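Asks: Here you go, one structure.
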Amino acid sequence: MDAATDDNWACPECTLLNKLLAEACEACGATSPLVLAALAAQSESTERERKDSEESNSSSRPSRGSSMDEDYKKAVDLDPWSQAEDEWARVEATQATKTTKPRK
């Protein structure tokens, strides 16, 4: 290649030699292959960054191993007030079922 062809690009549509800095063919208006390559590289880079970001976010999120109902039951079981209320309900239930002896 000589110096003249290094400063030009050949249009893929009409084969006209265009100046290297021209973004489109001067004859037919086709976009320069250099511009198309730069846009493709930028698009691939953006897509790769998006995928990496999604993978990073999905791996940092905890998985849901249980349902909301199970979570609520566990929270109630661990709550001291709930435990006290349950115990008091058991005491009242056993007292209500006991028969009282008639007094003499």
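Everything in the sequence shown is counted per numbering that gives the first Met the number 0, starting at 0 for the first residue and increasing by one.
Don't be surprised by glycine CBs; every beta carbon is placed ideally from N, CA and C.
Note that the structure is a prediction, hence the values are computed from the model and not measured.
Going by beta-carbon coordinates alone, are E12 and A29 separated by less than 8 Å?
Replies: Residue mapping note: residue 12 aligns to position 13 of the sequence shown, counting from 1. Residue mapping note: residue 29 aligns to position 30 of the sequence shown, counting from 1. Contact flag set, yes.
Asks: First and last residue of the alpha helix (DSSP H) that includes A23?
Replies: Start at 1 with the first residue of the sequence shown, and residue 23 comes out as number 24. A23 -> no alpha helix (DSSP H), and no H or E assigned at all.
Asks: Taking the beta strand (DSSP E) that A9 belongs to, which residues open and close that run?
Replies: As a working note, residue 9 is residue 10 in the sequence shown. Where A9 is concerned, the enclosing beta strand (DSSP E) stretches over N7 to A9.
Asks: Taking DSSP as the reference, what is the three-state secondary structure of L77?
Replies: As a working mapping, residue 77 is identified with position 78 in the sequence shown. Reduced to three states, the DSSP call for L77 is helix.
Asks: So, helix, strand or coil for L15, using DSSP?
Replies: The sequence position of residue 15 within the sequence shown is 16, counting from 1. The answer is coil: DSSP assigns L15 none of H, G, I, E or B.
Asks: Can you name, in chain order, every residue of its own chain whose Cβ lies under 6 Å from the Cβ of E25, other than the five neighbours on each side?
Replies: For the purposes of this step, residue 25 is identified with residue 26 of the sequence shown, where counting begins at 1. Result list for E25: N17, in chain order.
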